[in-house]
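Numbered according to the UniProt record's numbering, the sequence shown spans residues 1 to 586. All C-beta atoms in this analysis are idealised placements derived from N, C-alpha and C, irrespective of residue type, glycine included. In this text the structure is predicted, and so the values were computed from the model without any measurement. Down below is the structure, laid out as structure tokens.
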Amino acid sequence: MSYIFIDVRKKIAEIVGQSVKEAIDSKELVLNFVSPDKLFSKISIEIPNNRGYGEFSSNIALISTGFFRLPASEISEIILKYINKNCNLCGFIEFCKIENGGFLNFYMNSTFFCKIVKEIDNFGDDYGNSDFGSMCELNNNTFIESNKYSKMPKKILIEYVSANPTGPMHIGNARLGALGDCIAQLLLKSGFAVDKEFYVNDAGNQIEKFGQSLSARYEQIFDEKAIFPDDGYKGEDIKILAKSFADIFNDKYINEDYEVRKRALIDFSLPKNIEKMKNDLEKYKIIFDNWFYESQLYKNGDIEKVVKLLKENSAVFESEGCTFFRTTDFGEDKNEVLIRKNGIPTYFAADIAYHFNKFLIRNYDICINVWGADHHGHISRMKCALKVLGIDPNRLKIITVQLVNVIRNGEINKMSKRDGRAEKLDRFIEEVGVDSARFIFNMQNFNSKMDFDVELAKKNDMSNPIYYIQYAYVRFASIIRTFDLNKIDFNKLNLSVLNSTEEKELIFKLSSFPYEVIESVKKLNPSKISRYMIDLASLCHKFYTEKRVENSDENLSYSRLLLCIQASKVIKTALNMIKISIPKYM
1 MSYIFIDVRK KIAEIVGQSV KEAIDSKELV LNFVSPDKLF SKISIEIPNN RGYGEFSSNI
61 ALISTGFFRL PASEISEIIL KYINKNCNLC GFIEFCKIEN GGFLNFYMNS TFFCKIVKEI
121 DNFGDDYGNS DFGSMCELNN NTFIESNKYS KMPKKILIEY VSANPTGPMH IGNARLGALG
181 DCIAQLLLKS GFAVDKEFYV NDAGNQIEKF GQSLSARYEQ IFDEKAIFPD DGYKGEDIKI
241 LAKSFADIFN DKYINEDYEV RKRALIDFSL PKNIEKMKND LEKYKIIFDN WFYESQLYKN
301 GDIEKVVKLL KENSAVFESE GCTFFRTTDF GEDKNEVLIR KNGIPTYFAA DIAYHFNKFL
361 IRNYDICINV WGADHHGHIS RMKCALKVLG IDPNRLKIIT VQLVNVIRNG EINKMSKRDG
421 RAEKLDRFIE EVGVDSARFI FNMQNFNSKM DFDVELAKKN DMSNPIYYIQ YAYVRFASII
481 RTFDLNKIDF NKLNLSVLNS TEEKELIFKL SSFPYEVIES VKKLNPSKIS RYMIDLASLC
541 HKFYTEKRVE NSDENLSYSR LLLCIQASKV IKTALNMIKI SIPKYM
């Protein structure tokens, strides 16, 4: 798919590059001990922060002063001379001029703005869709455009949330869920083949501790003096599960072997917890394509298979009854245990097998994991294991998400899942609303710790960012409803009358939506598209306040109406993309 904004930006970059080359060839600019390729690689076209400086901008004159040993003002004057000669290579450029200390700023003509309004209409609900997923590769954790076009889109598995099924999900899972789901939606919009997966840790130490906690609570129903483990799960949910078990089986398992009792309680409770997780996530508008169980790795012998492969590659050794992975060979501080003395695999061993399954059994091109920040130390050793197994570590992208502080009435709520004091996901989204939760969690970069202001998220006014965006849509919808659209021939309009600052700013912002989607995908950072939506809503509110749609000039009135229709389409498309509701009235 081709979009005017993206094509024009590329064409301007070509014009700047061609103009610099011609200036060098003519000896008006002389490179000092630098290859031309190094200079040309630095050419980029950006959108000026101040919209008074045109639609597109290049800072090539400012960043090349050291290359040419000339002041930016002189470099920009020389380049501009050649740009003016080459501007006819793009039919949308009105003119280019030097501003703000040497920036080369490009101003678009009326044809550009008219074409954008029509382009949105032509694409309809598909506006912003692209085939980026067939023409990119993952490089240093960033998607970059590739010269190789594939008939088949990149096949991606994105794993997120993956909360331990030992208790209710909490607000940390809410942030992981909102982020992972939004990334998945952006990838789908950009033409990738995407599967969404929840990895269920239904084996290992946490499940063992879960069983111990359940067993203790079950015993306490019949003997108040029964001892509860110090490091057990203290939440009320454990008591409720034990009580439900006792209601059915009474004291049948009290005199049973401890391991039998514990296993019975796990087998009874785990499916209930997982079903609750699925229901809560569905309310949060998250539906996974796959629920992959860790226990499958044990049943299928995948862990033993992976450890054997690592051994064959001389990447493991035995010491003190344990099997270790030689992570120090890859620069890590210590070697990691794969198999404990008791023969039980570690979480790390199971995770290597899980990734082996993703890449070499299910054949995904790229795997994306959205993890909590506490897993950061796990990244490098996992990539070491992939390398030994012959899997390019660059095919694995791991996003680590920082913690969330819940702010209530200006104070931080202290949370602990094990002590049962965590902010539960189901109650949280019921209180603040799904729309507010999903959007606000994606407003901030995942690398930053987040303060989630509950009172702000609950507000139904313009201070709540998602209300602000939805209200922009509703305002334009109210305008559109006042017209009988069937009686208007929009094809006959002279759209060049949309030439005010408010109109041109809004049209230009609409034009950049496909670009913003791709840029969000490149860095796998939904906060970029969230900021775009807020900025777009701001321009919609400004237009609504400053420009009257119904007036005596029919062409102007209908042209502004068409602009409202296209702006509504883009807002609706963006909201649908990130699974946020679209109200008719507010």
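Between ALA349 and LEU338, the C-beta gap is smaller than 8 Å, which places the two residues in contact.
Counting only the Cα atoms, ALA457 lies some 42 Å from ALA385.
Rounded to the nearest whole angstrom, the C-alpha separation of LYS487 and PHE123 is 22 Å. Nearest Cα to SER44 within the set PRO393, PHE446, THR545, ILE12: ILE12. For ALA472 and GLY101, the gap between their C-alpha atoms comes out near 36 Å. With contacts defined as CB atoms closer than 8 Å, LEU563 and ILE507 qualify as a contacting pair. VAL401 is not a Cβ neighbour of ALA315, given a cutoff of 8 Å. Counting C-beta pairs closer than 8 Å gives three or more between the stretch 566-576 and the stretch 502-521, which meets the contact rule.
For GLU318, the enclosing beta strand (DSSP E) starts and ends at 316-319. A straight-line Cα-Cα distance of about 29 Å links LYS262 and VAL306. Beta-bridge partners of ASN250 (DSSP): none assigned. The stretch 528-544 makes contact with the stretch 459-476; the number of CB pairs closer than 8 Å reaches 3 or more. Runs of the alpha helix (DSSP H) lying entirely within the stretch 224-296 and spanning at least 4 residues, in chain order: 236-249, 258-283. Membership of PHE95 in the beta strand (DSSP E) is indicated by the continuous run 93-99. Per DSSP, the unbroken alpha helix (DSSP H) holding THR501 starts and ends at 501-511. From the listed residues PRO345, LEU265, ILE565, GLY433, the smallest Cα separation to THR166 is found for LEU265. Around the beta-carbon of MET152, fewer than 16 other beta-carbon atoms lie within 10 Å, marking it exposed.
Counting along the chain, the unbroken alpha helix (DSSP H) around GLU219 starts and ends at 205-222.
The beta carbon of PRO526 sits closer than 7 Å to those of LEU179, CYS182, ILE183, LEU186, ASN442, SER520, all from its chain and outside the five residues before and after it, given in chain order.
Judged by beta-carbon spacing, PHE192 lies within the 8 Å limit of GLY133, meaning their Cβ atoms are closer than that value. Assignment of TYR199 by DSSP, reduced to helix, strand and coil, places it in the strand class.
Every alpha helix (DSSP H) of 4 residues or more that sits fully in the stretch 351-433 is shown, in chain order, as 378-388, 425-432. The C-alpha of LEU403 lies about 13 Å from the C-alpha of VAL370.
Where TYR473 is concerned, the enclosing alpha helix (DSSP H) starts and stops at 465-481. Under the 10 Å beta carbon count, MET462 is surrounded by fewer than 16 other beta carbons and is classified as exposed. For the pair SER496 and CYS136, the CB atoms are not nearer than the 8 Å cut-off. Spatial neighbours of HIS375 in its own chain (CB-CB distance under 7 Å, excluding positions within 5 residues in sequence) are listed in chain order as THR400. Take the alpha-carbon of VAL454 and the one of GLY172: they are about 14 Å apart. Relative to the Cα of LYS459, the nearest Cα in the group ILE440, ASP553, ASN445 belongs to ILE440.
Contact holds between the stretch 13-30 and the stretch 63-82, because three or more Cβ pairs, one in each stretch, are under 8 Å apart. Using a C-beta cut-off of 8 Å, the stretch 236-243 makes no contact with the stretch 325-335, since fewer than three inter-stretch Cβ pairs fall below that distance. In the structure shown, LYS305 falls within a helical segment according to DSSP collapsed to helix, strand and coil. With a cutoff of 8 Å on beta-carbon distance, ASN335 and PHE325 are scored as near each other. Straight through space, the alpha carbons of ASN86 and ASP365 are spaced by roughly 41 Å. Per DSSP, the unbroken alpha helix (DSSP H) holding PHE40 starts and ends at 36-40. In terms of Cα proximity to ASP121, the closest of ILE580, ALA353, ILE565, ASP351 is ILE565.
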